[in-house]
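Chain order of the listed sequences is A and B. Using my numbering, you'd call the opening residue of the first sequence number 988 and step up by one each time. Using my numbering, you'd call the opening residue of the second sequence number 706 and step up by one each time. Worksheet: one structure, shown below.
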Amino acid sequence: MTNHTVSPRPTFAGYLATRWRDWSVTASAVVLALVVGAVVMIVADAEVAANFAYLFTAPGLALGSAWAKVSTAYSALLLGAVGSPLALAQTTAAAAPLICAGLAVGLAFRAGLFNIGAQGQAIWGSILAAYVGFAVQLPPVIHLIVAVAAGVLGGAVWGGIVGWLKAKTGAHEVIVTIMMNYVANGLLAWLLSTALFMRPGRQDPISPEVHPTAAFPVILGQLHVGFFVALAAAGAVWWLLDRSTIGFAIRAVGANPNAASTSGMSAARTTIITMTIAGALAGLAGAQSALGASATGTPVPLTVGLVGTVGFDAITVALLGRSKPLGIVMAGLLFGGLSAGGLAMQSIAQTPLTLTMLLQALIVLFVAAPQLVSTLVPILKARTSRVAVAGGQA
Amino acid sequence: MKKSLIAPPMFGAFALALGGCATPPAATTAAPAASTSTVPVSDFKACMVSDAGGFDDKSFNETSYAGLTKAKTELGVQSAEVQSKNDADYARNVQAMVDAKCNIIVTVGFKLGDATQAAAKKNPEIKFAIVDYAYDKPQANLKGLVFNTSEPSFLAGYLAASLTKTGKVGTFGGMNIPTVTSFMDGYARGVAQYNTAKGKSVAVLGWSSAKKDGSFVAAGPEGFGDVAGGKKLAAGLMAQGADVLLPVAGPSGEGALQAAQASGGKVASMWVDTDGCVSASKYCAVIPSSVGKAMDVAVFEAIKAAKDGTFNNDVFVGTLANSGAYLAPFNQWDSKVSAETKAELEKIKADIIAGTIKTTA
């Protein structure tokens, strides 16, 4: 070990420097996305853009109208996301399924697996959680626990199948998960056309309402217990990854499956376990969608689009959170805030929904390309290179 | 050589400078809304919440939104709208419109049924209307707007049967939901009517009234936004011999129009919701007619009634009788539809209105 000098011993200062770089790149990405979003807003608004014809003769008109447009939109975004206790509650409600599904993608990613199937796993979570919610009568608390457990189980089975196929047959998990998403969606649509799931007296593919006993209890506005379940799930994933033997195997297989096998860990077994746990987490996201309170205080009945695009948004959440539980919670809250704030942008500032989606896409784009961010933000570059030098000396 | 390289950027810079140097119009004309508009500006605020399809779905959200736009220009009302991304967001989005102090809130699609009813109960002073949904016992401030599209589809089926040369007509849907299948079923029954009246045996591909099932682009809402998928289904129907199609799939239906256009006159494709010769005018030559569903008119009328204080909770049912559902003009096909067929269609329309012909099971 004496001549092992490949990497310097990690120090607290070095740790802080790396952390600072990660956080500042992410923060810069958000700011850059907001700047590009502002430019798009100005260009896309014919009235504001027309004023730029007078940029040199009447700069006040052009800049004033541009500022008014952008500041109205972004203050609405801020107001809707964090402007009041109710707004914060809305942010947490939108964040809860994103955090769970983000953990599902992030955990798999740590084992070197691309779980594109959080969507299908969440769909199964929502199907089973909703079914137990509306078809079964149980006392409060127990009903909720059984419904959540059913959703988690549904996701775990759907994810576990992928892990099993990968481990036993070598089928690539990306292809399998994408296809399983279609199958889950198709099965949901079919189930909603059967008497088992269809609401009595209606022909539309919509389920009955979930019994109040199975709903996550509401704390304030849309803030419900499910959000804390999501936080607990993040804590559990942290413990699993950083403190447990399985977590060590997951990380080892993710880093180098061959080396892990050589040291006696079963890559196949780890793959199955990882995909099952990831599926369970995505299933929990589906249960959040099916049992979480909407603005009316009751959960939304099961429909084909109930989970929305949570499984795909989860990929961006995991990416933004760098597949770390704390990062995923933060990223989930950010996207939850964008969802809640995006609504306020629409209703107060009349900014189209597409812009919020554009902002999300830009943030991810900038995060995925840290080099681009440090080129665009020179201060960051100077700072990071100095940090690198300092780190080298330490 | 050098000059030609420099010229374009220089020209660009010049144009930019010229653009930036324009003089703004005088302050008096800077606010044209007040001077040019003949409609008095009203404080009345009409609002709309889309379903996850969005207002640009070229289908029922977009057509309903046209009703709001019309109310804005013709009645001078204020407006606001929210597009939904997820089904889980509906209640929250309707609440946002309540918070925006709207006087009437129009929601689009059956998926918003629960959220709209809950909001109507909570806010009795606000009027609510919902497209493609109706309640058995609505609150006084809640109006359902539904459309009996099987009636004009019945006429479309009869027309298709009269036009086919192969003896086979086809249809497909975007997704298996009642608001889609009512078109397909009406169409098939119209063909059956033709067969009975004329002693023919024109076959319908893509829908079976007996089985209540047929061809759909997809299992979920994505079936409405998949032009390639629509084209594939249309090509499949054409390969089986169908030469008159009725796509009931929103934007996906454009695939059928493309396939019909590529057939070089062998195949025709109808259109739904709006007159295809207006909304998809470049395909007008292959569109014999369209099955209209006047969601824009119904939305406009609901907003107007709310503004005028004549709003009620009676369910609006668009039918051939009130033109809320209609068979669009034949446009370029006018000469290809025989006078005999035209007369028969008029007769059937009168019979449907009178109730002597049933267009549903």
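Glycine is no exception: its CB is placed at the ideal position from the N, C-alpha and C atoms.
Residue i at chain A interface by Cβ criterion, 8 Å
i, result
"R797(B)", "yes"
"P926(B)", "yes"
"Q945(B)", "no"
"V907(B)", "no"
"F929(B)", "no"
"I882(B)", "yes"
"Q844(B)", "no"
"M802(B)", "yes"
"K1054(B)", "no"
"V1020(B)", "no"
"P737(B)", "Note that P737(B) scores a pLDDT of 44, beneath 50, so its modelled location is shaky and nothing firm can be said."
"N808(B)", "no"
"Q1037(B)", "no"
"D890(B)", "no"
"N828(B)", "no"
"Q783(B)", "no"
"A823(B)", "yes"
Proximity below 8 Å, CB of residue i to CB of residue j
i, j, result
"A1277(A)", "A1116(A)", "yes"
"Q788(B)", "A1282(A)", "no"
"G1104(A)", "I1259(A)", "no"
"L1042(A)", "A1049(A)", "yes"
"L1320(A)", "M1332(A)", "no"
"H1211(A)", "P1204(A)", "yes"
"V1027(A)", "L1345(A)", "yes"
"N1417(A)", "G1107(A)", "As displayed, chain A neither begins before 988 nor continues past 1381, which places residue 1417(A) out of reach and without an answer."
"N791(B)", "G1001(A)", "no"
"I835(B)", "V803(B)", "no"
"F1214(A)", "A1031(A)", "no"
"T1046(B)", "N853(B)", "no"
"L1140(A)", "T1200(A)", "no"
Interface flag, residue i vs chain B, CB-CB below 8 Å
i, result
"W1177(A)", "yes"
"S1281(A)", "yes"
"D1191(A)", "yes"
"N1168(A)", "no"
"G1295(A)", "yes"
"L1330(A)", "yes"
"I1335(A)", "yes"
"E1196(A)", "yes"
"T1290(A)", "yes"
"S1180(A)", "yes"
"A1004(A)", "no"
Exposure of residue i, with buried meaning 16 or more beta-carbon neighbours within 10 Å
i, result
"V1022(A)", "exposed"
"W912(B)", "buried"
"N846(B)", "buried"
"Q898(B)", "buried"
"F999(A)", "exposed"
"W1054(A)", "exposed"
"N808(B)", "buried"
"G1298(A)", "buried"
"K1153(A)", "buried"
"T1061(B)", "exposed"
"E767(B)", "buried"
"L1003(A)", "exposed"
"T778(B)", "exposed"
Distance between beta carbons of residue j and residue i, contact taken as under 8 Å
i, j, result
"M1262(A)", "A1095(A)", "6 Å"
"R894(B)", "T1064(B)", "6 Å"
"T1384(A)", "V1354(A)", "Any question about residue 1384(A) goes unanswered here, given that chain A covers just 988 to 1381."
"L1064(A)", "D1300(A)", "Not really, about 18 Å apart at Cβ, beyond 8 Å."
"V1360(A)", "S1015(A)", "5 Å"
"A1217(A)", "C1087(A)", "5 Å"
key: the segment 976-989 of chain B / the segment 954-962 of chain B touching (three or more Cβ pairs under 8 Å)   = When Cβ pairs closer than 8 Å are counted between the two stretches, the segment 976-989 of chain B is seen to touch the segment 954-962 of chain B, the count reaching three or more.
task = May I ask you to verify whether the segment 1099-1115 of chain A touches the segment 1172-1182 of chain A, counting CB pairs closer than 8 Å and requiring at least 3?
result = Counting Cβ pairs under 8 Å, three or more are found: they touch.
inquiry  = Quick check: the segment 859-879 of chain B against the segment 1012-1022 of chain B, are at least 3 beta-carbon pairs closer than 8 Å?
reply    = Counting Cβ pairs under 8 Å, fewer than three are found: no touch.
ask   = Quick one: any contact between the segment 1088-1105 of chain A and the segment 1119-1132 of chain A, if contact means 3 or more CB pairs under 8 Å?
value = Of all C-beta pairs linking the segment 1088-1105 of chain A to the segment 1119-1132 of chain A, fewer than three are shorter than 8 Å, placing the two stretches out of contact.
ask   = With contact counted as at least three CB pairs below 8 Å, one residue from each stretch, are the segment 873-882 of chain B and the segment 919-926 of chain B in contact?
value = Yes, the segment 873-882 of chain B is in contact with the segment 919-926 of chain B.
request  = Inspect the CB distances between the segment 864-874 of chain B and the segment 900-911 of chain B and report whether three or more fall short of 8 Å.
outcome  = Three or more pairs of CB atoms, one per stretch, sit closer than 8 Å, so the segment 864-874 of chain B contacts the segment 900-911 of chain B.
query = Would you call the segment 1306-1326 of chain A and the segment 1174-1193 of chain A in contact, with 3 or more CB pairs under 8 Å?
reply = As far as the Cβ criterion goes, the segment 1306-1326 of chain A does not touch the segment 1174-1193 of chain A, which means the pair count is below three.
ask   = Are there three or more Cβ pairs, one per stretch, closer than 8 Å when the segment 1279-1297 of chain A is compared with the segment 1058-1076 of chain A?
value = No, they do not touch.
message = I want to know whether the segment 1023-1032 of chain B touches the segment 761-774 of chain B - three or more CB-CB distances under 8 Å.
response = No contact exists between the segment 1023-1032 of chain B and the segment 761-774 of chain B.
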